[in-house]
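A short write-up of the structure that comes next.
Residue numbers (the working numbering): 13 to 407.
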């Protein structure tokens with residue numbers, strides 16, 4: 013595996029040394045990584061934030077984002093905004109995107125990014141979300157700087173074939189060294205021509221130490237739902253559950269922010285405010301989870317865009333029971349992600365019988381161990397080993 017990566021790396025760096033040389037690192041200086049994120053510091057993108065925190069010990073990181081977040085986290089790393097006014101490379105319908113970057117506004121955007129690259133002199137480029145492969149391929153070719161990329165669930169769920177093939181073509185470029193993707197989605201890339209040696213399977217990123225609570229706790233009688241308030245998360249289903257169990261003696265709390273929260277709040281009022289709606293910054297959630305017995309994670313089956321939520325791994329690490337809504341065609345993926353530490357449910361009518369019993373101890377223990385698979389400290393080397401090889405080859 014290491015020899016294969018070195019071969020790929022050599023192919024990517026060969027044109028770099030034939031035409032120009034990057035600014036050398038000063039003795040003892042950290043290699044430089046230029047991050048591209050569509051909407052940093054969005055509170056719900058804890059995944060990206062924790063990865064940056066973990067790699068910053070060994071790398072100098074600069075973050076570029078092209079969309080200002082309406083729901084930022086309280087504490088973020090320094091970042092620079094260069095607005096991208098064309099259809100978003102990550103979220104817009106693919107037929108609206110110009111993958112050639114020839115429009116006047118795209119060229120103006122690239123000129124600003126070019127200036128950052130010339131000043132920062134990155135050792136490697138790195139991005140989150142598959143859609144940014146188009147941008148990184150363009151920048152990598154012109155600046156002769158290799159790149160890596162981490163995909164997310166939404167990149168692989170119900171995406172049009174035209175988009176998947178175009179993005180797979182982008183990461184086949186020799187300047188792309190590695191693509192990290194969730195294990196269930198590896199075949200999505202390799203079946204569309206991405207060389208298997210470029211595709212690295214990796215679970216979602218969690219700061220495991222922040223949430224790890226292995227001790228048993230007495231029951232609290234409280235049920236939690238948490239996450240970004242978007243239609244795909246189906247938070248009204250949690251309200252329906254609370255209404256169904258209003259006489260159970262359990263309390264139901266929703267921690268959320270986002271575009272659909274207003275609609276959920278109105279729905280909750282119509283049902284007698286059966287749910288207490290609140291919010292906690294991601295850095296505070298380590299103290300929130302232990303106040304609860306259960307995490308309920310609903311999803312809209314029609315949208316079917318809930319991937320592998322980090323909230324589930326955080327809850328497992330905190331010792332909570334987990335109930336996750338089964339989504340069409342996803343049962344095996346979901347069971348693999350739960351790792352025996354939680355229940356799948358189809359309809360909310362299945363939940364009262366589960367919630368009114370103690371969480372099985374064997375499930376709690378499996379959940380604690382399963383969440384470890386997502387610990388960024390355990391798998392950050394999947395990225396950093398590649399970056400170090402780039403730095404060593406360029407030295």
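Backbone N, C-alpha and C fix where the C-beta goes; we use that ideal spot for every residue, glycine too. All values reported here derive from a predicted model rather than from experimental measurement.
Worksheet item: Taking the Cβ atom as the reference point for each residue, do residue 115 and residue 97 lie within a distance shorter than 7 Å?
Response: No, the pair does not count as a contact, with Cβ atoms beyond the cut-off.
Worksheet item: Using CA coordinates, which residue listed in 317, 148, 354 and 327 is at the minimum distance from residue 341?
Response: Just measuring C-alpha positions, the residue of 317, 148, 354 and 327 sitting nearest residue 341 is 317.
Worksheet item: Hey, residue 311 and residue 383 are a contact pair by Cβ (cut 8 Å); roughly how many whole angstroms apart?
Response: Incorrect: roughly 20 Å between the Cβ atoms, too far for contact.
Worksheet item: With DSSP run on the structure shown, which of helix, strand or coil describes residue 15?
Response: Note that residue 15 has pLDDT 46, beneath the 50 cutoff, so the model's placement of it is unreliable and the number below is only indicative. Correct three-state label for residue 15: helix.
Discussion item. Taking only three categories from DSSP, how would you classify residue 267?
Written reply: Under the three-state reduction of DSSP output, residue 267 falls in the strand class.
Discussion item. Could you compute how far the alpha carbon of residue 130 sits from the alpha carbon of residue 99?
Written reply: Annotation: residue 130 to residue 99 spans about 26 Å, alpha carbon to alpha carbon.
Item to complete: Work out the CA separation of residue 407 and residue 170 for me, nearest whole Å.
Response: Approximately 43 Å, taken between the alpha carbons.
Item to complete: May I ask you to verify whether the stretch 353-360 touches the stretch 199-215, counting CB pairs closer than 8 Å and requiring at least 3?
Response: Contact between the stretch 353-360 and the stretch 199-215 is absent, because fewer than three Cβ pairs lie under 8 Å.
Worksheet item: Taking the C-alpha atoms as reference points, what is the distance between residue 33 and residue 43?
Response: Residue placement at residue 33 is poorly supported in this model, since its pLDDT is 46, which falls under 50; the coordinates still yield a value, given next. About 15 Å.
Practice prompt. Write down the C-beta distance between residue 302 and residue 58 rounded to the nearest angstrom, noting that I regard them as a contact closer than 8 Å.
Written response: Rounded, the Cβ-Cβ distance is 18 Å, inconsistent with contact.
Practice prompt. Could you tell me whether the Cβ atoms of residue 55 and residue 75 are closer together than 7 Å?
Written response: No, the Cβ-Cβ distance between residue 55 and residue 75 is not below 7 Å.
Discussion item. Quick check: what's the CA-CA separation for residue 291 versus residue 39?
Written reply: Computed Cα separation, rounded: 45 Å.
Discussion item. My parser needs the beta strand (DSSP E) runs of 3 or more residues fully inside the stretch 166-209; what are they?
Written reply: Within the stretch 166-209, the complete beta strand (DSSP E) runs of at least 3 residues are 188-193.
Discussion item. Is the separation between the beta-carbon of residue 244 and that of residue 289 shorter than 7 Å?
Written reply: Result no, Cβ atoms of residue 244 and residue 289 do not sit closer than 7 Å.
Worksheet item: Of all the options 133, 269 and 325, which has the alpha carbon lying nearest to the alpha carbon of residue 221?
Response: Ranking 133, 269 and 325 by Cα distance to residue 221 puts 325 first.
Item to complete: Pair every Cβ in the stretch 280-289 with every Cβ in the stretch 249-268, then say whether three or more of these pairs are closer than 8 Å.
Response: The way I'd put it, the stretch 280-289 does touch the stretch 249-268; three or more beta-carbon pairs between them come closer than 8 Å.
Discussion item. Which complete beta strand (DSSP E) runs does the stretch 80-152 hold, if anything under 3 residues is left out?
Written reply: Those beta strand (DSSP E) runs which fall completely within the stretch 80-152 and span 3+ residues are 136-140.
Item to complete: With DSSP as the reference, label residue 213 as helix, strand or coil.
Response: Strand at residue 213.
Worksheet entry | Among 191, 160 and 269, nearest to residue 136 - alpha-carbon criterion | Shortest Cα-Cα distance from residue 136 to any of 191, 160 and 269 involves 160.
Worksheet item: In whole angstroms, what is the alpha-carbon distance linking residue 239 and residue 61?
Response: Rounded to whole angstroms, the separation of the alpha carbons of residue 61 and residue 239 is 16 Å.
Discussion item. Only counting the same chain, and skipping five residues up and downstream in sequence, which positions put a Cβ closer than 7 Å to that of residue 277?
Written reply: If the five residues before and after residue 277 are omitted, its C-beta is found closer than 7 Å to the C-beta atoms of 289, all from its own chain and listed in chain order.
Worksheet entry | residue 70 (DSSP reduced to helix, strand or coil) | The DSSP-derived three-state label of residue 70 is coil.
Worksheet item: Would you call the stretch 210-227 and the stretch 390-401 touching, i.e. three or more CB-CB distances under 8 Å?
Response: Yes, they touch.
Item to complete: With a 10 Å radius around its C-beta and 16 neighbouring C-beta atoms as the bar for buried, classify residue 127 as buried or exposed.
Response: Around the beta-carbon of residue 127, fewer than 16 other beta-carbon atoms lie within 10 Å, marking it exposed.
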